[in-house]
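Taken in order, the sequence shown gives residues -21 to -1, 1 to 310; the numbers are from mature numbering (1 follows the signal peptide of the UniProt record, and there is no 0).
No residue lacks a Cβ here, since even glycine has one placed at the ideal position from N, Cα and C.
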Amino acid sequence: MKFGSVTVLVLCAIALSPITAESVCKDAGCSHSCITAVDIPTCTCPEGMVLGEDSKTCTVPVTILMGMHREISAVTEGEGEVRSLVPIGTTAFDFHYNNKEIIAFADNNIMRYSFAGELTMPKQPSAIATPTSRVSSLAVDWIHQDVYWISRQRSAIEASSLSGNSVREIIAVEGEESSDWNNLVIDPAAEKLFWLGRKGVYSCGLNGKNLKSNITSWPVDAEDIALDTQNKLIYIIGNYGNGVNKVVAASHYEGTPVGDIVTIGQSGSKIYGFGVLGNTIYWESNHDGENLYKCKIASAKEKANVTLVEELYQIVYDLKIYHPDIQKTGK
């Protein structure tokens, strides 16, 4: 019997580790995602984030909120456009990042407005509380869900919960010492309030206890203050010496100086708003017109390199840096 020859073909599958898009992006150092062209990856970011200076790390862009004569406006770095958010003039406002709200003094009330980077207005604004007099400054406690404000005519600090319960008095000091209180800022994690007055920088607890004045030793005639709640630092901006130049100085919360005085120039100008995020400060002044400026403060031994962020053409009564890092719990 003759048998035909049988050819057996054996197929072997070799398992190779697939090169995934995720691994390509990771190898390129991209923080989130990337696209490839001719095997060259380009880092990309999800909506609401932008690439940083290293072209690899996605970050939330800085948005500056500004209280003006007729509206609250905003400008986002890199976009070059001032946009209107809330059609009300205000001298005092703040925001709650997680609640997506702007809290502002308007129509003799503390009002809340829905806000998430843009004014969406899904619901009508509502009143939280009615202060006992006009408000010169306001600060939101994003941890304990409260709002604090300086009642100018009474020279007092008052507060209310964001749910709109009754107004409570935190502190009231009659006389010259308490006149001209302004520029209220808050660190809810440290349970401290800070503000400016005739005796420099003041502080007290959220319950009004432990009132202190002139807590910073810098020889600076402060025009505004800002907090770095992550590092527990107070920043002041104002005139130094004969007032020729504007300067910025930092102190620990108890008043101990940090670093050196940073000179930003702009002699003869007036500061209308001030904020700090990381090692960058932002301010609005009438130097060469009403403009928004910024500079990095990593090195304080030379005059700072000041950058124009945006020409505004009108006075800013209050300024806030809108960014998630502003309302994080400190170290």
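The straight-line gap separating the alpha-carbon atoms of L64 and S52 is approximately 5 Å.
In the structure shown, D86 adopts coil according to DSSP, grouped into three states. If the five residues before and after S140 are omitted, its C-beta is found closer than 7 Å to the C-beta atoms of Q124, D125, all from its own chain and listed in chain order. Residue nearest to R62 within the set D297, I305, E289 is E289 (criterion: CA-CA distance). In this model, K171 and I122 are separated by some 12 Å (Cα to Cα).
In its chain, beyond the 5 residues on either side, N193 have a beta carbon closer than 6 Å to the beta carbon of G179.
In this model, K79 and M28 are separated by some 17 Å (Cα to Cα). A residue is called buried once 16 or more other Cβ atoms fall within 10 Å of its Cβ, and L287, having fewer, is exposed. Here the alpha carbon of I14 sits roughly 39 Å from the alpha carbon of F253. With a beta-carbon spacing of about 5 Å, D203 and N162 fall inside the 8 Å limit used to define contacts. Residue state for S63 is assigned as strand, using DSSP reduced to three classes. Partner residues in the beta bridge of D200, as assigned by DSSP, are N218. With 16 or more neighbouring CB atoms inside 10 Å of its own CB, A201 falls in the buried class. In its chain, beyond the 5 residues on either side, S63, L64, V65, P66, I67, G68 have a beta carbon closer than 8 Å to the beta carbon of E50.
Judged by beta-carbon spacing, I213 lies beyond the 8 Å limit of V199, meaning their Cβ atoms are not closer than that value.
Counting only runs of at least 3 residues, the stretch 127 to 204 fully encloses the following beta strand (DSSP E) elements, listed from N- to C-terminal order: 135 to 140, 147 to 151, 161 to 166, 171 to 176, 179 to 184.
Looking at the DSSP output, S230 bridges to I213, P236.
Apart from sequence neighbours up to five positions away, the residues of its chain that approach G8 with a beta-carbon distance below 6 Å are K35, ordered along the chain.
Burial of G46 is indicated by the presence of at least 16 other C-beta atoms within 10 angstroms of its C-beta. The C-alpha of F72 lies about 46 Å from the C-alpha of I19.
The beta carbons of S116 and I107 sit no closer together than 8 Å.
Shortest Cα-Cα distance from G176 to any of Y251, S2, H48, W160 involves W160.
In the structure shown, the three-state DSSP call for P303 is helix. When beta bridges are read from the DSSP output, L30 appears opposite C37. The C-alpha of G57 is placed about 22 Å away from the C-alpha of I294. Taking the Cα of L44 as reference, the smallest distance to any Cα among H231, I150, D297 is reached at D297. In the three-state reduction of the DSSP assignment, D73 falls in the strand class. S196 is a Cβ neighbour of G234, given a cutoff of 8 Å. Note on geometry: alpha-carbon atoms of E269 and Y292 lie some 5 Å from one another. Taking 8 Å as the cut-off, the Cβ atoms of V114 and F84 count as close. Annotation for P25: H11, S12, C37 place their beta carbon closer than 8 Å to its own, counting only its chain and skipping 5 residues before and after. The shortest C-alpha to C-alpha distance from A169 to any of K307, I81, T23, K5 is the one to K307. If you look at W121, you'll find it isn't in any beta strand (DSSP E); DSSP assigns it neither H nor E.
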